[in-house]
Amino acid sequence: MELALIWFVLLAALLAGYAILDGFDLGVGILHPLARTDGERRIFVNAIGPLWDGNEVWLVTFGGALFAMFPEAYATLLSALYVPFMMLLCALILRAVSLEFRGKSTSPTWRRLWDLGFFGSSLLATFMFGVAVGGGLVGIPLDERGLFTGRFSDLLSPYAILVGLLAVALFAMHGAIFLYLKTEGAVQERLGRWMWHSWGSFLVLYMLTTMYTLVAIPRATANFEHFRWAAIVVVVNVLAIANIPRALFARRYAQAFISSSLTIVAMVCLLALALFPNVVTASNDSAHSLTIYNASSSRTTLVIGLIIAGTGLPFVLAYTGIVYWTFRGKVKLGETSY
Amino acid sequence: MDVVTLSRLQFALTIMFHYLFPPLTIGMGVVLVYLEGNFLRTGDPVYETAARFWTKIFALNFAIGVATGIVMEFQFGTNWSAYSRFVGDVFGSALAAEGIFAFFLESGFLAVLVFGWDRVGPRTHFFATIMVALGSIFSSVWIVVANSWQQTPTGHHVVQMVRDGQPWVVGGEPVTRAEIVDFWALVFNPSSVHRLLHVLIGCFILGAFFIMSISAWYLLKQRHVEFARRSFAGALLVATLASLAAVASGHFQAKNVYREQPAKLAAFEGHFRTGPADLNLFGIPDAEAERVAFSLSIPGGLSFLIHESFDEPLIGLDRFRDEDRPPVLVPFVSYHAMVGLGFFFVALTLVASVLHWRGRLFESRWLLWIFVFAVTGAVAANQLGWVAAEVGRQPWIVQPPMVRDADGALVLNSEGHVQYATATVTLEDGTTGERVAGLRTSEGVSEVVTSGQVLGSMVMFGLLYGLLLLLWLYVLNAKIQAGPHGGEHAHAARGTKDLPGAMGSRVSHTESLTGGRE
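These protein sequence lines map, in sequence, to chains A and B.
In short: position in the first sequence from 1, add 48, done, that's the numbering used here.
In short: position in the second sequence from 1, add 190, done, that's the numbering used here.
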């Protein structure tokens, strides 16, 4: 395989890893208002307490890898999406801070404020991720140098907003299943209902988005004609989504969680297939698109990057494994909890 | 204000606020390893109490460091996209390495460190503590390497990009970027080791002064006395050694700066005209008049420090074209303030060490009061050092190499100015030309971002960070008031012999809003 293509696949893998891991964190934030007592709210927060920070590192590493391997795409995307990115950064800071500070006082007003911050920032961040993906599928106007020529309002197309809502429903579902695995008793029963509600909303939005994409964005499906094998991704996606209610009926909740993770992986693959070979699609003139070939770093850097990734990745997987193993099982509140 | 000024201000705001926290976590991480190691070795519960207490404060600092650090990763692209295109091939690798080698290590084991006390055994916990401390140091390695490469770039070449098989020219201007040639030459560029050592020493000084500040306050208030004495004594040792090391490392670094970035050292010292250079102990430089007003100086002192000879001439700012000169006032003042603080730390820690040796330290209330506030000086010294380093390298965001002859001496052009290396490029009409092999800060900014957008985001960060600072101080104060026994985990309940501490916990419970209920 070509080096640039390997890096495109690796970036997709980093993005999928981020979406699976921080996806349930964000979902927990979105579902947080459903907790009824302070004890329940603490259980929600502590379910992700030791995990969210490490999960966010996937995003940081994705950013670093995009910068290193496709600097043209990194520069174009971030400067074009200046306002949404600033909002996203603001949301991510607020979310971290809300988690850290909510437990530092018992005052109900104090906690309500941070609960609101946690919910609002998780919702905003998820929505913004979806909008960015939707915007990326539609493309943005670029000039010959790869500079954004549009305005902020161009980014908020109805399609991008729809994908934003889809992301919210997806992460809410993913988070609900995760929380179900981490809780017990009355709150778990209520989460059982919310798994169904969020799955239903996700399904509706998924079908709407699929239809919209097929009708309005021909470029997104063009690759499926070149690569016949890509149909497998669609099949896996549909099977994974369908397996969620099946697993819920059978009370196999871990399987449901794996299925929702697989759904996320399949959707990231669909995104990659829709974009390829572009990293940033120019909506005005396809000759201005930034592809994995014209936006990539030099061969030397792509190789160095592979060596770094190959050296580091086994360690990363080991740490992640250790942490998830250490904090396995139901949430128990203790002295060191948030 | 224009986009360049606003983007620089926003970068300064976000990085300076962020940099309040990493030095604290790097410095404190080492102390946590020391405390937990001693607990494992001796089984003395005071060490465990201390480790648990400082871990809580460490976690608070770490969380804000992470929250504000994520901005830095993306701000290169949002505000400095032209720079990102130019350096991505080189700089991006260091940043990605930081993510893979450092951030995963830190964040993974931080979870065990903070939340894992009762989930893993003491040895595993100790291991996690070491990993977090290592992770934070790895992180500083990669980020200082990336920054140093921009100051003294090596291991790369500047080339014209190729589009559709042709040298790329847009609007008549060739598009160039830096590409890696030799990864290890980039990592070990001429300034990275010097700067990394100095940065880490600065972190140890700050971490130690932070711990001494809180411990001194406990000693003055007669609370948690045994705990505070041990914490203070351990931190004092670190602070004394680190302060002495900072002076030594600073000296060698200054010599290196002269060799690699003479304009920067000239700005630090207000050395305008090439010739024997005085060492200004104090003064206010005037770049217009090219002199230092109100100066108190040692004649030939700077020449002596750099070349061990009082009359050896040093290159001044007059060897640089006007447009290649850094501003003088800010680097001069911040550099001198940092150096002054450094010598103050040496004097303070030596006095305290002597008193400690004579067994009178903890009765010297005046000195303990100085230590309560000296931590602000340590914060200031760390920040001022970076201000001097970053303003002193202007106008370059990536400094081009200087042209040298076979002996390594700088080659001057016919006007007597230092010359910068160039890269050969192909122009639109097929002829070749030369472009400077570096990037000016003014050319690095995002072309498509407006000053209104930057102003908006800067106001947002200003408000958010202002709020964060207040909350941090509030929670930090609450934790300090609650003290090392503030948690539910009172050691008296476990039957340990730490009676004074257990009594302390009774007292502090009533004073605290938060202790034990978080």
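Glycine included, each C-beta is placed from N, C-alpha and C at the ideal position.
Is there a C-beta anywhere in chain B that falls below 9 Å from the one on residue i?
i, result
"A:R193", "yes"
"A:T349", "yes"
"A:N342", "yes"
"A:F166", "no"
"A:C317", "no"
"A:Y66", "no"
"A:M176", "no"
"A:K230", "no"
"A:L51", "no"
"A:S385", "yes"
"A:P156", "no"
Spell out the partners DSSP gives residue i in its beta bridges.
i, result
"A:Y372", "Paired residue(s): none; A:Y372 is not in a bridge."
"B:Q356", "B:R353"
"A:H80", "Bridge partners of A:H80: none, in fact."
"B:G623", "B:V615"
"B:F472", "B:L486"
"B:E363", "B:V360"
"B:A594", "The question names Ala, but residue 594 of chain B is Arg in the sequence shown. The partner list for B:R594 (beta bridge, DSSP) reads B:L600."
"B:V608", "B:L602"
"B:P503", "B:P466"
"B:H347", "B:E369"
Give the DSSP-derived three-state secondary structure of residue i in the structure shown.
i, result
"B:G490", "coil"
"A:M117", "helix"
"B:W586", "strand"
"B:S485", "strand"
"B:A467", "coil"
"B:F315", "Looking at the sequence itself, residue 315 of chain B is His, so the reference to Phe does not match. In this structure, B:H315 counts as helix in the three-state DSSP scheme."
"A:G97", "coil"
"A:G382", "coil"
"B:V377", "helix"
"B:S439", "helix"
"A:Y341", "coil"
"B:V697", "Caution applies to B:V697, whose pLDDT of 37 falls short of 50 and renders its modelled position unreliable; the model cannot decide the point."
"B:E369", "strand"
"A:P362", "helix"
"B:L303", "helix"
"A:L51", "helix"
"A:S346", "coil"
Using a beta-carbon distance below 9 Å, is residue i in contact with chain A?
i, result
"B:S274", "yes"
"B:L250", "yes"
"B:R630", "no"
"B:P660", "The question names Pro, yet the displayed sequence has Leu at residue 660 of chain B. By this cut-off, B:L660 is not an interface position."
"B:V194", "no"
"B:Q356", "no"
"B:G278", "yes"
"B:T268", "yes"
"B:D619", "no"
"B:K687", "Any reading at B:K687 must be qualified, since the residue scores a pLDDT of 37, below 50, and its modelled position is unreliable; the value itself is stated next. No, because no Cβ of chain A sits closer than 9 Å to the Cβ of B:K687."
"B:V562", "no"
"B:D501", "no"
"B:L214", "no"
Would you mind listing the alpha helix (DSSP H) stretches within the stretch 630–674 of chain B that are 4+ residues and don't spill past its ends, in chain order?
Complete alpha helix (DSSP H) runs here, min 4: 641–672.
Are the stretch 274–285 of chain A and the stretch 231–238 of chain A touching, with three or more C-beta to C-beta distances below 8 Å?
No, because fewer than three Cβ pairs between the stretch 274–285 of chain A and the stretch 231–238 of chain A fall closer than 8 Å, the two stretches do not touch.
Would the stretch 432–447 of chain B and the stretch 381–391 of chain B be scored as touching if the rule is three or more Cβ pairs under 8 Å?
With a cut-off of 8 Å, the stretch 381–391 of chain B and the stretch 432–447 of chain B count as touching, because enough Cβ pairs lie within range.
Hey, is the stretch 339–353 of chain A in contact with the stretch 114–123 of chain A, meaning 3+ C-beta pairs nearer than 8 Å?
Segments in contact, yes.
Starting from the N-terminal side, write out each stretch of the alpha helix (DSSP H) that is 4 residues or longer and does not extend beyond the stretch 142–229 of chain A.
At a cut-off of 4 residues, the continuous stretches assigned as alpha helix (DSSP H) that sit fully inside the stretch 142–229 of chain A are 156–186, 200–203.
For the stretch 255–331 of chain A, which segments carrying the beta strand (DSSP E) assignment without a break, of at least 3 residues, lie completely within its bounds, in sequence order?
Here the runs fully enclosed are 326–328.
Three CB pairs or more closer than 8 Å across the stretch 570–577 of chain B and the stretch 525–543 of chain B
Judged by Cβ distances under 8 Å, the stretch 570–577 of chain B makes contact with the stretch 525–543 of chain B, as three or more pairs qualify.
For the stretch 202–236 of chain B, list the alpha helix (DSSP H) runs that are entirely contained and at least 4 residues long, ordered along the chain.
Here the runs fully enclosed are 212–232.
Does the count of Cβ pairs from the stretch 222–231 of chain B and the stretch 194–213 of chain B closer than 8 Å reach three?
Per the Cβ contact rule, the stretch 222–231 of chain B is not in contact with the stretch 194–213 of chain B (fewer than 3 Cβ pairs under 8 Å).
Could I get the ranges of all uninterrupted alpha helix (DSSP H) runs contained in the stretch 226–292 of chain B, with 4 residues as the minimum, in chain order?
Whole alpha helix (DSSP H) segments, 4+ residues: 235–269, 271–287.
Should the stretch 324–337 of chain B be called in touch with the stretch 196–207 of chain B, which here means at least 3 C-beta pairs below 8 Å?
These segments do not touch.
Is the stretch 450–468 of chain B touching the stretch 481–490 of chain B in the sense that three or more CB pairs, one from each, lie closer than 8 Å?
Yes, since at least three Cβ pairs between the stretch 481–490 of chain B and the stretch 450–468 of chain B fall closer than 8 Å, the two stretches touch.
How about the stretch 326–343 of chain A and the stretch 188–202 of chain A: do they share at least three Cβ pairs that are nearer than 8 Å?
Because the criterion of three Cβ pairs below 8 Å is met, the stretch 326–343 of chain A and the stretch 188–202 of chain A touch.
Are three or more beta carbon pairs between the stretch 358–369 of chain B and the stretch 616–624 of chain B nearer than 8 Å?
Judged by Cβ distances under 8 Å, the stretch 358–369 of chain B makes contact with the stretch 616–624 of chain B, as three or more pairs qualify.
Below 8 Å, how does it come out for the stretch 182–196 of chain A and the stretch 123–138 of chain A: are there three or more Cβ pairs, yes or no?
When Cβ pairs closer than 8 Å are counted between the two stretches, the stretch 182–196 of chain A is seen to touch the stretch 123–138 of chain A, the count reaching three or more.
How do the stretch 286–296 of chain B and the stretch 329–347 of chain B stand: do at least 3 beta-carbon pairs fall below 8 Å, yes or no?
Yes, since at least three Cβ pairs between the stretch 286–296 of chain B and the stretch 329–347 of chain B fall closer than 8 Å, the two stretches touch.
Touch check for the stretch 261–276 of chain B and the stretch 442–459 of chain B: three-plus C-beta pairs under 8 Å?
The stretch 261–276 of chain B and the stretch 442–459 of chain B do not touch, with fewer than 3 CB-CB distances between them shorter than 8 Å.
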